[in-house]
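This report refers to the structure that appears directly beneath it.
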Amino acid sequence: MFKSPAKLFQLAITLLACAFLLIPTLQSALAGVTVNYFRGVSSGLTFKWIIEVWALYSGSIFLSIGLALACLVCTLIIGVPAAYALARNPGRLSRMLEEFISLPLAIPGLALALALLQLYGGWREFRMSWTFILVGHVLYTLPFMVRSVMSVLAAIDLKTLEEGAASLGAPSHRRFLDIVVPNALPGILAGALTVVTLSIGEFNLTWMLHTPFLKTLPVGLADSYASMRLEIASAYTLIFFAMIVPLLLAMQWATARAQRIMS
Amino acid sequence: MTSRTFAQLCLLPLAIFTLTFLALPLARLILASGEGEFGWGIYLKILQTPRYYATLLQTVIISVAVTIAALGISTTAGLFLVRNRFMGRGVLLSILTLPLAFPGVVVGFMIILLGGRQGLVNQILPGHWVFAYSAFGLFLGYLYFSIPRVLLTVMAAAEKIDPALEEAALTLGAPSHRVVLDVILPALAPAMIAAGAIAFATAMGAFGTAFTLATNIDVLPMVIYTEFTLSANIAMAAALSVVLGVITWVLLLIARSFSGATIAAGG
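Chains as they are written, first to last, in this note's numbering: chain A, 1 to 263; chain B, 264 to 530.
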């Protein structure tokens with residue numbers, strides 16, 4: 001099928017890139033269930049590292065899941081109405097506002113975290129609470145929710161639908177709940193999966209914002225890479241993969257679905 | 264309630280959140296950079312202090328190298344995957360986009376598994392092969408998270424190229440390498456500029472990967488981190504953050520003007 005040398009070259013590059021990305025993930029998965037990684041698989045397979053990780057870090061895993069869900073609720077409450085307002089009134093001001101809330105995508109998380117620490121670091125109760133990390137996560141994921149919902153709303157004839165409902169006497173908030181939200185659902189779903197996936201994996205902001213009592217999953221990962229044996233670090237990474245890969249696939253499916261509806 | 268007031272009400276939560284947790288902290292960060300012993304001259308100080316200047320240069324060099332490598336690999340693979348339909352294509356595509364959800368620390372660990380003391384390369388090859396903690400290891404780590412980002416941007420653009428253009432060039436007798444140079448690459452140029460800007464900006468700001476790998480080398484995010492946590496040099500940490508933030512922001516603005524891509528710059 002791939003006869004020409006050019007095609008073969010392209011195939012080779014593609015396969016090499018796949019190997020580069022995939023081989024270490026497989027190594028990590030294998031190391032997480034191997035009795036002694038240095039001696040190899042011949043030393044036997046075991047679940048003891050995964051059990052040990054669970055004993056050491058289950059708190060971090062639950063904290064991350066809780067944070068991701070709280071982050072989802074916040075981005076829904078803040079993002080969906082805002083996306084509607086921005087889609088309803090397109091113009092310079094809306095563009096600028098959208099650009100501004102997208103800043104956390106462009107500015108490295110480390111810089112954003114420093115900014116938050118500068119302003120709120122002295123407020124002890126807030127600094128020590130989990131809501132401080134939540135703020136960072138909402139900041140980072142909000143633009144994805146807003147843009148995901150906005151792009152779906154931009155594709156439907158919002159104005160005609162709303163005018164129809166208004167002429168039948170529906171007030172603004174009913175039009176939002178009964179027309180806008182159901183029509184935007186594919187965008188909301190894609191945005192929601194993106195928010196949860198990104199929140200569970202967020203490290204750059206979280207590392208600066210976390211406290212010794214509030215370690216999220218990726219903070220725990222960094223901790224295990226620095227101080228635990230390779231098998232434990234690998235087993236923990238394996239648990240992370242088991243959570244994040246299905247989320248990533250669901251997110252890609254939902255985004256492709258939302259785009260199909262738009263076109 | 265008029266629909267205008269309702270729309271304004273809809274923006275209210277966003278406005279409050281953004282003002283409190285984005286606009287004000289960023290303003291505070293910029294002010295903090297000028298509150299050190301050098302005042303606003305601190306930005307000049309960055310260029311005059313060899314350590315900061317060298318770090319900035321080193322970060323730029325690694326980021327440029329990663330951008331070029333990622334563009335080369337991802338454009339080749341992306342064009343191949345757009346043009347050919349075959350068994351297993353979906354699997355290859357999934358593998359190539361998998362790292363999108365990996366935090367930088369995990370990417371760093373992947374490189375340790377390849378090039379660390381107990382790494383694959385050191386086990387397979389005779390002799391001592393540990394490169395995870397060198398500039399090359401950092402380069403590989405950045406490449407790891409850049410490949411998927413560049414690939415998605417390039418593929419989205421490649422799918423929009425009209426195949427008729429290519430067929431016309433071939434019927435007119437153009438050899439296939441001329442078709443690539445004269446038809447495909449010019450059509451992909453905006454997407455490649457955008458993807459390159461994204462890759463460069465992500466590499467410049469990558470903290471997680473550097474945090475795991477850069478024990479011996481200085482890159483900008485690690486210097487900011489050590490200035491802040493170890494030296495408690497708040498003004499310098501803030502100034503370097505502002506410089507880094509402005510660089511990545513401008514680059515992603517360029518990327519956005521060439522293609523509408525929304526890809527997070529986390530690494």
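C-beta: ideal position from N, C-alpha, C; glycine also. Source: prediction; values computed, not measured.
Alpha-carbon spacing of A:Ala170 relative to B:Thr268, whole angstroms: Going by the C-alpha atoms only, they are around 15 Å apart.
CB of A:Leu247 within 8 Å of CB of A:Val196, strictly: Yes, the Cβ-Cβ distance between A:Leu247 and A:Val196 is below 8 Å.
Spatially closest choice to B:Ile293 from A:Phe203, A:Ala31, A:Leu112 and A:Glu163, by CA coordinates: Selected option, being the one with the closest Cα: A:Leu112.
Classification of B:Tyr488 by the beta-carbon crowding that lies within 10 angstroms, buried from 16 upward: Classification of B:Tyr488: buried, given that the 10 Å Cβ count is 16 or more.
At least 3 beta-carbon pairs within less than 8 Å: the segment 493 to 506 of chain B vs the segment 296 to 313 of chain B: These segments touch.
Reduced DSSP category for B:Leu320 - H, G, I as helix; E, B as strand; rest coil: DSSP, reduced to helix, strand and coil, places B:Leu320 within a helical segment of the structure shown.
Neighbouring residues, chain A, relative to B:Trp392 (Cβ below 9 Å): Those do not exist, as B:Trp392 stays about 15 Å from chain A at its closest Cβ, beyond 9 Å.
Neighbour flag for A:Tyr225 against chain B, beta carbons, 8 Å: A:Tyr225 has a beta carbon lying within less than 8 Å of a beta carbon in chain B.
One or two residues paired with A:Leu45 in a DSSP bridge: A:Thr34.
Near-chain A residues of the segment 491 to 507 of chain B (beta-carbon distance less than 7 Å), N- to C-terminal order: Within the segment 491 to 507 of chain B, contact with chain A at the beta-carbon level (separation under 7 Å) is assigned to Phe491, Ala500, Ala501, Ser504 and Leu507.
Backbone secondary structure at A:Leu214 - three-state DSSP: A:Leu214 falls in the strand class under three-state DSSP.
Local Cβ density within 10 Å of A:Gln252, reported as buried at 16 or more and exposed below that: That one is buried.
Candidates A:Ala258, A:Pro5, A:Ile23 and A:Leu168, of which the one nearest A:Ser151 by Cα: Per the Cα distances, A:Ala258.
B:Ile336 beta carbon less than 8 Å from that of A:Ala12: It is not a contact, given that the beta carbons lie outside the stated cut-off.
Endpoints, alpha helix (DSSP H) assigned at B:Thr478: No alpha helix (DSSP H) contains B:Thr478, which DSSP labels as neither H nor E.
Proximity winner among A:Ala31, A:Ser60, A:Val33 and A:Glu52, relative to A:Leu221 (alpha-carbon distances): Closest option to A:Leu221, Cα to Cα, is A:Ser60.
Three-state secondary structure assigned by DSSP to A:Tyr225: In this structure, A:Tyr225 counts as helix in the three-state DSSP scheme.
Cutoff 8 Å: B:Phe474 Cβ touching any chain A Cβ: With a threshold of 8 Å between beta carbons, B:Phe474 makes contact with chain A.
B:Phe491 versus A:Asp223 - alpha carbon distance: Going by the C-alpha atoms only, they are around 19 Å apart.
Beta carbon proximity, A:Leu134 to chain B, threshold 8 Å: With respect to chain B, the C-beta atom of A:Leu134 has no partner C-beta closer than 8 Å.
Near-chain A residues of the segment 354 to 384 of chain B (beta-carbon distance less than 8 Å), N- to C-terminal order: Result list: Leu355, Ser357, Ile358, Leu359, Thr360, Leu361, Pro362, Leu363, Ala364, Phe365, Pro366, Gly367, Val368, Val369, Gly371, Phe372, Met373, Ile374, Ile375, Leu376, Leu377, Gln381 and Leu383.
Assigned secondary structure, A:Val181 (DSSP; H/G/I helix, E/B strand, else coil): Collapsing the DSSP output to three states places A:Val181 in a helix.
Amino acids of chain B, ordered along the chain, whose beta-carbon sits closer than 8 Å to that of A:Tyr84: By Cβ distance, chain B contributes Ala270 and Cys273.
Element boundaries [alpha helix (DSSP H), containing A:Tyr140]: Counting along the chain, the unbroken alpha helix (DSSP H) around A:Tyr140 starts and ends at Trp130 to Ala155.
Assigned exposure category for A:Phe144 - 16 Cβ within 10 Å defines buried: In summary, A:Phe144 is buried, with 16 or more beta-carbon neighbours lying within 10 Å of its beta-carbon over all protein chains present.
Where the segment 20 to 40 of chain A meets chain B: residues whose CB sits under 9 Å from a CB there: Flagged, chain order: Phe20, Leu21, Leu22, Ile23, Pro24, Thr25, Gln27, Ser28, Ala31, Tyr37, Phe38 and Gly40.
Chain B residues whose Cβ lies nearer than 9 Å to that of A:Phe203: Residues of chain B passing the Cβ test: Pro366, Gly367, Val368, Val369, Phe470, Gly471, Phe474 and Gly529.
Reference A:Thr211; option with closest CA among A:Trp130, A:Glu231 and A:Ile188: The candidate whose alpha carbon is nearest that of A:Thr211 is A:Trp130.
Contact belief for A:Leu193 with A:Ala250 at Cβ below 8 Å, rounded distance in angstroms: Right, their Cβ atoms sit about 5 Å apart.
Sequence-distant residues of its chain with Cβ nearer than 8 Å to B:Glu429 (five each side left out): The answer, listed in chain order, is Val442, Val446 and Ile447.
Beta-carbon neighbours of A:Asn183, restricted to chain B and to distances below 9 Å: In chain order: nothing, as chain B lies at least about 15 Å away.
Delimiting residues of the alpha helix (DSSP H) encompassing A:Gly91: For A:Gly91, there is no enclosing alpha helix (DSSP H), as DSSP marks it with neither H nor E.
Partner residues on chain B for A:Ile107, Cβ-Cβ distance less than 7 Å: Within 7 Å Cβ-Cβ: Gly508, Thr511 and Trp512.
Where A:Thr237 meets chain B, residues with beta-carbon distance less than 8 Å: Scanning chain B for C-beta atoms nearer than 8 Å to the C-beta of A:Thr237 yields Val369 and Phe372, reported in chain order.
Alpha-carbon to alpha-carbon, B:Arg346 and B:Phe463: Each residue's alpha carbon lies about 27 Å from the other.
B:Thr312 - containing alpha helix (DSSP H), residue span: Note, B:Thr312: premise wrong, no alpha helix (DSSP H); not H, not E.
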